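Participant: Dumping the structure here so I can ask a few things about it.
There are 2 protein chains.
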Amino acid sequence: MSSPTIKDVARLAGVSISTVSRVMNDSKPVSPEARRKVLDAIKKLDFKPNELARSLVMRRSNLIGVIVKDIAISYMTEMVRGIEEVGRMYNYDILLSSSYGDIELEKKIINFMFTKQVEGIVLISEDAKPEVVYMLQNQTIPYIQLDKFYNFNETYSVTINYKEAAKEMTEFLIGKGHEKILFVKEYKNAIIGQEKLKGYKEVMDAHNYFSREITVDGVTDKEGYKYGEEIWKIIEHEGITAAFFSEDGLAIGFLNYCYDNNKKVPDDISVAGFGDIKISSLYRPRLTTVREPYYDYGAVAVRKIIKKIKDNVEIDSATILPSSIIERETVKDIN
Amino acid sequence: MSSPTIKDVARLAGVSISTVSRVMNDSKPVSPEARRKVLDAIKKLDFKPNELARSLVMRRSNLIGVIVKDIAISYMTEMVRGIEEVGRMYNYDILLSSSYGDIELEKKIINFMFTKQVEGIVLISEDAKPEVVYMLQNQTIPYIQLDKFYNFNETYSVTINYKEAAKEMTEFLIGKGHEKILFVKEYKNAIIGQEKLKGYKEVMDAHNYFSREITVDGVTDKEGYKYGEEIWKIIEHEGITAAFFSEDGLAIGFLNYCYDNNKKVPDDISVAGFGDIKISSLYRPRLTTVREPYYDYGAVAVRKIIKKIKDNVEIDSATILPSSIIERETVKDIN
Numbered sequence: 052m053s054s055p056t057i058k059d060v061a062r063l064a065g066v067s068i069s070t071v072s073r074v075m076n077d078s079k080p081v082s083p084e085a086r087r088k089v090l091d092a093i094k095k096l097d098f099k100p101n102e103l104a105r106s107l108v109m110r111r112s113n114l115i116g117v118i119v120k121d122i123a124i125s126y127m128t129e130m131v132r133g134i135e136e137v138g139r140m141y142n143y144d145i146l147l148s149s150s151y152g153d154i155e156l157e158k159k160i161i162n163f164m165f166t167k168q169v170e171g172i173v174l175i176s177e178d179a180k181p182e183v184v185y186m187l188q189n190q191t192i193p194y195i196q197l198d199k200f201y202n203f204n205e206t207y208s209v210t211i212n213y214k215e216a217a218k219e220m221t222e223f224l225i226g227k228g229h230e231k232i233l234f235v236k237e238y239k240n241a242i243i244g245q246e247k248l249k250g251y252k253e254v255m256d257a258h259n260y261f262s263r264e265i266t267v268d269g270v271t272d273k274e275g276y277k278y279g280e281e282i283w284k285i286i287e288h289e290g291i292t293a294a295f296f297s298e299d300g301l302a303i304g305f306l307n308y309c310y311d312n313n314k315k316v317p318d319d320i321s322v323a324g325f326g327d328i329k330i331s332s333l334y335r336p337r338l339t340t341v342r343e344p345y346y347d348y349g350a351v352a353v354r355k356i357i358k359k360i361k362d363n364v365e366i367d368s369a370t371i372l373p374s375s376i377i378e379r380e381t382v383k384d385i386n
Numbered sequence: 052m053s054s055p056t057i058k059d060v061a062r063l064a065g066v067s068i069s070t071v072s073r074v075m076n077d078s079k080p081v082s083p084e085a086r087r088k089v090l091d092a093i094k095k096l097d098f099k100p101n102e103l104a105r106s107l108v109m110r111r112s113n114l115i116g117v118i119v120k121d122i123a124i125s126y127m128t129e130m131v132r133g134i135e136e137v138g139r140m141y142n143y144d145i146l147l148s149s150s151y152g153d154i155e156l157e158k159k160i161i162n163f164m165f166t167k168q169v170e171g172i173v174l175i176s177e178d179a180k181p182e183v184v185y186m187l188q189n190q191t192i193p194y195i196q197l198d199k200f201y202n203f204n205e206t207y208s209v210t211i212n213y214k215e216a217a218k219e220m221t222e223f224l225i226g227k228g229h230e231k232i233l234f235v236k237e238y239k240n241a242i243i244g245q246e247k248l249k250g251y252k253e254v255m256d257a258h259n260y261f262s263r264e265i266t267v268d269g270v271t272d273k274e275g276y277k278y279g280e281e282i283w284k285i286i287e288h289e290g291i292t293a294a295f296f297s298e299d300g301l302a303i304g305f306l307n308y309c310y311d312n313n314k315k316v317p318d319d320i321s322v323a324g325f326g327d328i329k330i331s332s333l334y335r336p337r338l339t340t341v342r343e344p345y346y347d348y349g350a351v352a353v354r355k356i357i358k359k360i361k362d363n364v365e366i367d368s369a370t371i372l373p374s375s376i377i378e379r380e381t382v383k384d385i386n
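These protein sequence lines map, in sequence, to chains P and W. Position 69 of the first sequence, counting from 1, maps to 120 under our numbering, and the rest follow consecutively. Position 170 of the second sequence, counting from 1, maps to 221 under our numbering, and the rest follow consecutively.
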C-alpha cells in the first residue's frame with residue numbers, strides 16, 4: 052500500500068487539488084464545508100503534507116540544536132531564551148534536549164540532532180566531558196559550548212573574564228572596609244572556580260590581606276546550606292567580616308542557613324555572590340553579586356552560529372562579554 | 052548543479068560507500084585517517100546525510116511540538132521537563148518555541164510545527180486565545196493545552212481540581228484558628244482564579260465567616276509587591292489574620308513588601324499561597340502553599356498524546372491530578 056498523495060485527498064474530499072493545497076497552506080480563503088471535508092479526508096487517509104520532502108529539496112532545516120544540561124536550572128533557561136529569541140529573528144527554531152549531564156545521553160542527542168539536520172549546535176553544560184567536545188569538533192556543522200564552570204581553551208564559547216570579575220568584587224568588598232574576607236569556592240576541579248579564586252587572591256595579595264578559602268562540593272543552595280555550619284565556624288574563629296561565594300546558589304543556601312540559625316545578614320556577616328541568578332534579586336535580603344549576562348551568552352552564541360551558516364564568518368574561539376557588580380543589601384559598609 | 056550524493060563523498064575521500072556510511076552512522080569502527088578523509092569530503096561537498104528523506108519514507112518525525120508562553124517562567128519549565136523526560140522514554144524529542152503570549156506568533160508557530168511534521172502538540176499558555184484553541188481543534192494531530200489560569204471546558208487538558216484545593220487550604224487556615232481571612236485573587240477574568248475564589252467562599256460561608264477578597268492585576272511577585280500597601284490597609288482595617296493568595300508569585304511579592312516595610316510574617320500576618328513554584332521553598336520564611344504537580348502535568352500530557360499516536364487511545368477532555376497542602380513557615384497557629 053503506497054502513501055496517500057494530495058490527489059487521493061482531493062478525490063476523497065470531492066474537491067480540487069488546489070483547494071486541498073489552500074487548506075494545507077492556509078494561503079487563500081476556503082469555505083468552511085470544503086475545509087471540513089479536506090480535514091476529514093486528511094484524517095481518514097492519514098495523509099502527511101510533504102514539507103519534509105520540500106525541506107529536503109531546499110536542503111535547509113532552519114533548526115538549531117540546543118543541548119542543555121537541565122532546563123530547570125534558571126540561568127540555563129535564560130541562555131536558551133537568548134538563543135531562541137535571536138534565532139527566531141533569523142527564522143531559526145530550536146530543537147531542545149536535556150542531557151542531565153549523562154554523557155551517553157549527550158552523545159545520543161548529538162547524533163539525533165545530526166539526523167534532524169540541525170544547522171548548528173549549542174551545548175549548554177556544567178562539566179562537559181572532553182569526549183563530547185571532541186565529538187562536536189569532529190563534525191562539520193558549527194557549534195558553541197556554553198559552560199559556567201568548566202571551559203576548554205580550544206572550544207568555541209561565549210563567556211566573561213571570570214578572574215577580572217572576581218577581582219572587581221574583591222576590590223568592592225575591600226572598598227566597603229572588609230579586610231578579612233573568606234572565599235567560598237564551588238567544586239574542587241572547576242576551572243572557572245579556579246579563575247575566580249585567582250582573581251580574589253591577587254587582589255588580597257596586592258592589599259597585603261590574608262587569603263582564606265574553603266571549597267564546597269557543588270554549586271547550588273543545597274551545598275551552601277550544608278556547609279553553612281563549617282563556614283560559620285571559620286567566620287567566628289578568624290573574625291571574617293565578609294564571605295564571597297563563587298556562585299549565587301551557594302550564597303543563597305548560606306543565607307538560608309543564616310536565617311534558620313538566627314544570624315543576621317549583613318549585620319553579623321556580609322555576603323557576596325557571583326552570577327546574579329533569578330532568585331538573587333527576589334530573595335530578602337537582596338544578594339549583592341556579579342552579574343553574568345546569561346541571555347547574551349545565548350544570543351551571541353546563536354548569532355555567531357548563524358553568521359557562520361549564512362555568511363561563512365568563522366567563529367572565534369571565545370567571545371568575552373562584560374560583567375558588572377550589582378550592589379544590593381547583603382554587604383555592609385563597615386568603614 | 053545537482054546535490055552531492057554519498058557516492059560523490061566516497062569518490063572524493065577515496066574510500067568505499069560503506070566506509071562513508073559507517074562514519075555517518077557511527078555503526079562500525081573506521082580508521083582515524085579514513086574518518087578524517089570522509090569528514091573532509093563531506094565538508095568540501097557540503098553533503099547533508101539524507102535522514103530527512105529516510106524520515107519521509109518512514110512517515111515519522113518522532114517530534115512533539117511544545118509551545119510555551121515563556122521558558123523563563125519556572126513552573127512552565129517544570130512542565131516542559133515532564134514532557135521531555137517522558138517523551139524521551141518513548142523516543143520522542145521536543146521542538147520547543149516560546150510565544151510570549153503573542154497570538155500572531157502563536158499561530159505562526161503552530162503552522163511551523165505542522166511543516167516540521169510534529170506528531171503531537173502541547174500548548175503551555177497563561178491565557179490562550181480561543182482563536183488559537185480553535186486552530187488546534189481544527190487539525191488532525193493530537194494536542195493538549197496546559198493553562199494555569201484560563202481553562203476551556205471543551206479542550207484537552209491535564210489539571211487539578213482548583214476549587215477543591217482552595218477549599219482545603221481555607222479549611223487548613225481555619226484549622227489554625229484564623230477566622231478573618233483575606234483572599235487575594237489573580238487577574239480579573241481568570242477562570243481558574245474564579246474557581247479558587249469559589250472554593251474559599253464556600254468554606255467561609257459554611258463556617259459563617261465573612262468573606263473578603265481583593266483582585267490584583269497579575270500573577271507575579273511584581274503585582275504582589277505593588278498591591279502590598281493596599282492589602283496591608285485592608286489587613287489593618289479589618290483585623291485580618293491570614294492572607295490567602297491565589298498564586299505563589301503574588302504571595303512572594305507580598306512577603307517582599309512585608310520584609311521591606313518591617314512587617315513580620317507570620318507574627319504580624321499569616322500568608323498562604325497556591326502553586327508551590329520553585330522559589331516558595333527556597334525563600335525565607337518558607338511559604339505554606341498548595342502544591343500543583345507541574346512536572347506531572349507535562350508528563351501525563353505527553354503520555355496521553357503518545358498513547359493516541361501509537362495505540363489510537365482517545366484523549367479525555369481533562370485529566371484531574373491530585374494536589375496537596377504543603378505546610379511550611381508562613382502560617383501561624385493562633386488557636
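Note that the Cβ used here is the ideal one computed from N, Cα and C, for glycine as well. As the structure is a computational prediction, the values presented were derived from the model and not from experiment.
1. Below 8 Å on the Cβ atoms is my contact criterion, and I expect Val137 of chain W with Met127 of chain W to pass it. Report the Cβ-Cβ distance as a whole number of Å.
2. Tell me, please, whether the CB atom of Tyr310 of chain P is closer than 8 Å to any CB atom in chain W?
3. What's the C-alpha gap between Val353 of chain W and Glu135 of chain W?
4. Taking contact to mean 3 or more Cβ pairs, one atom from each stretch, closer than 8 Å, check whether the region 229–238 of chain P and the region 248–265 of chain P are in contact.
5. Taking the alpha helix (DSSP H) that Leu333 of chain W belongs to, which residues open and close that run?
6. Which stretch, first to last residue, makes up the alpha helix (DSSP H) that contains Phe305 of chain P?
7. Counting only Cβ pairs nearer than 7 Å, list the residues of chain P close to Asp272 of chain W.
8. So is Thr381 of chain P buried or exposed if we call it buried at 16+ other beta carbons inside 10 Å?
9. For chain W, check one thing: does any of its Cβ atoms lie closer than 8 Å to the Cβ of Lys94 of chain P?
10. Pull up the CB-CB distance for Gly250 of chain P and Glu298 of chain P, whole angstroms please, since I reckon it's below 8 Å.
11. Please decide whether Ile285 of chain W counts as near chain P, where near means a Cβ-Cβ distance under 8 Å.
12. Checking 8 Å against the spacing of the C-beta atoms, do Ile282 of chain W and Ile303 of chain W come in under that value?
13. Assuming Val173 of chain W and Ser112 of chain W make a contact with CB atoms under 8 Å, what is their CB distance in whole Å?
14. Would you mind reading off the limits of the beta strand (DSSP E) that contains Phe295 of chain P?
15. What beta strand (DSSP E) runs, 3 residues minimum, are completely inside the region 152–231 of chain W?
16. Give the DSSP-derived three-state secondary structure of Asp256 of chain W in the structure shown.
17. Quick check on Glu155 of chain W: buried or exposed, where buried means 16 or more other Cβ atoms within 10 Å of its Cβ?
18. Leaving aside the five residues before and after Val176 of chain P along the sequence, list all residues of the same chain whose C-beta is less than 7 Å from its C-beta, in chain order.
19. Taking the beta carbon of Phe261 of chain P as the centre, do at least 16 other beta carbons fall within 10 Å, making it buried, or is it exposed?
20. Within the continuous beta strand (DSSP E) that includes Val270 of chain W, where are the two ends?
21. Compute the distance between the beta-carbons of Gly20 of chain W and Phe200 of chain W, then report whether it is under 8 Å.
22. Is it true that the CB of Ser149 of chain W sits closer than 8 Å to the CB of Ile328 of chain W?
23. Quick one: give me the first and last residue of the beta strand (DSSP E) that Thr340 of chain W is part of.
24. So what's Thr381 of chain P in DSSP terms, helix, strand or just coil?
25. Closest to Ser390 of chain W by CA distance: which of W:Phe223, W:Lys94 and W:His288 is it?
26. Within its chain, find whatever has a CB closer than 8 Å to the CB of Leu90 of chain P; leave out the 5 residues flanking it on each side and keep chain order.
27. Would a check of beta-carbon distances place Leu187 of chain W closer than 8 Å to chain P?
28. In the region 134–159 of chain W, which residues sit with their C-beta less than 7 Å from some C-beta in chain P, listed in chain order?
29. Can you list the residues of chain W that Glu129 of chain P reaches, using a CB-CB cut of under 7 Å?
30. Counting only Cβ pairs nearer than 7 Å, list the residues of chain W close to Thr191 of chain P.
Facilitator: With the given structure in hand:
1. By one-based count along the second sequence, residue 137 of chain W stands at place 86. By one-based count along the second sequence, residue 127 of chain W stands at place 76. Contact doesn't hold; Cβ gap of about 16 Å is too wide.
2. For the purposes of this step, residue 310 of chain P is taken as the residue at position 259 of the first sequence. Interface residue, yes.
3. Numbered from its first residue, the second sequence carries residue 353 of chain W at position 302. Numbered from its first residue, the second sequence carries residue 135 of chain W at position 84. Between Val353 of chain W and Glu135 of chain W, the alpha-carbon positions lie close to 8 Å from each other.
4. With the cut-off at 8 Å, the region 229–238 of chain P and the region 248–265 of chain P touch.
5. Here residue 333 of chain W refers to the residue found at position 282 of the second sequence. Note, Leu333 of chain W: alpha helix (DSSP H), Ile330 to Leu333.
6. As a first step, residue 305 of chain P is located in the first sequence; it is residue number 254 there, counting from the start. Asp299 to Asp311 is the extent of the alpha helix (DSSP H) around Phe305 of chain P.
7. Within the second sequence, the letter at position 221 stands for residue 272 of chain W. For Asp272 of chain W, the chain P residues whose Cβ falls inside 7 Å of its Cβ are Leu333, in order along the chain.
8. Within the first sequence, the letter at position 330 stands for residue 381 of chain P. Looking at its Cβ environment, which holds 16 or more other Cβ atoms inside 10 Å, Thr381 of chain P is buried.
9. Taking the first residue of the first sequence as 1, we reach residue 94 of chain P at position 43. Lys94 of chain P belongs to the set of residues whose beta carbon lies under 8 Å from a beta carbon in chain W.
10. Here residue 250 of chain P refers to the residue found at position 199 of the first sequence. Here residue 298 of chain P refers to the residue found at position 247 of the first sequence. That belief does not hold up - the Cβ atoms of Gly250 of chain P and Glu298 of chain P are roughly 14 Å apart, past 8 Å.
11. Numbered from 1 along the second sequence, position 234 holds the residue referred to as residue 285 of chain W. Not one beta carbon of chain P lies nearer than 8 Å to the beta carbon of Ile285 of chain W.
12. Counting from 1 along the second sequence, the entry for residue 282 of chain W is found at position 231. Counting from 1 along the second sequence, the entry for residue 303 of chain W is found at position 252. In this structure, Ile303 of chain W does not lie closer than 8 Å to Ile282 of chain W by Cβ.
13. For this step, residue 173 of chain W is matched to residue 122 along the second sequence. For this step, residue 112 of chain W is matched to residue 61 along the second sequence. That pair is no contact at about 15 Å.
14. Stepping through the first sequence from its first residue, residue 295 of chain P is reached at position 244. It spans Ala293 to Phe296 - the beta strand (DSSP E) in which Phe295 of chain P sits, taken as one unbroken run.
15. Counting only runs that start and end inside the region 152–231 of chain W, the beta strand (DSSP E) elements of at least 3 residues fall at 171–176, 194–198 and 208–211.
16. In the second sequence, the residue the question calls residue 256 of chain W occupies position 205. DSSP places Asp256 of chain W in helix when its eight states are reduced to three.
17. Translated into positions along the second sequence, residue 155 of chain W becomes position 104. Answer is exposed; the Cβ neighbour count stays below 16.
18. For the purposes of this step, residue 176 of chain P is taken as the residue at position 125 of the first sequence. Position check: residue 176 of chain P holds Ser in this sequence, whereas Val was assumed. By the criterion of a C-beta distance shorter than 7 Å, Ser176 of chain P is surrounded in its chain by Lys120, Gln196 and Asp198, once the five residues flanking it on both sides are discounted.
19. Residue 261 of chain P sits at position 210 when you count from the first residue of the first sequence. The C-beta of Phe261 of chain P has fewer than 16 other C-beta atoms within 10 Å across all chains shown, which makes the residue exposed.
20. Here residue 270 of chain W refers to the residue found at position 219 of the second sequence. Going by DSSP, Val270 of chain W is part of no beta strand (DSSP E) at all; its letter is neither H nor E.
21. Because chain W is modelled from 52 through 386, residue 20 of chain W falls outside the range shown and cannot be assessed.
22. Counting from 1 along the second sequence, the entry for residue 328 of chain W is found at position 277. Counting from 1 along the second sequence, the entry for residue 149 of chain W is found at position 98. No, these two residues do not count as a Cβ contact at 8 Å.
23. Taking the second sequence and counting its residues from 1, the one referred to as residue 340 of chain W is at position 289. Its beta strand (DSSP E) spans residues Thr340 to Arg342.
24. Sequence index remark: in the first sequence, residue 381 of chain P carries index 330 (1-based). In this structure, Thr381 of chain P counts as coil in the three-state DSSP scheme.
25. Nothing in the structure corresponds to residue 390 of chain W, since chain W is present only between 52 and 386.
26. Residue mapping note: residue 90 of chain P aligns to position 39 of the first sequence, counting from 1. Cβ within range, chain order: Val74.
27. One-based indexing of the second sequence puts residue 187 of chain W at position 136. Under the 8 Å criterion on CB atoms, Leu187 of chain W is classed as non-interfacial with respect to chain P.
28. Residues passing the 7 Å Cβ filter: Glu135, Asp144, Ile145, Leu146, Leu147, Ser148 and Ser149.
29. By one-based count along the first sequence, residue 129 of chain P stands at place 78. Contact of Glu129 of chain P with chain W by beta-carbon distance below 7 Å involves Ala123.
30. Here residue 191 of chain P is taken as the residue at index 140 of the first sequence, counted from 1. Scanning chain W for C-beta atoms nearer than 7 Å to the C-beta of Thr191 of chain P yields Leu90, Ile93 and Lys94, reported in chain order.
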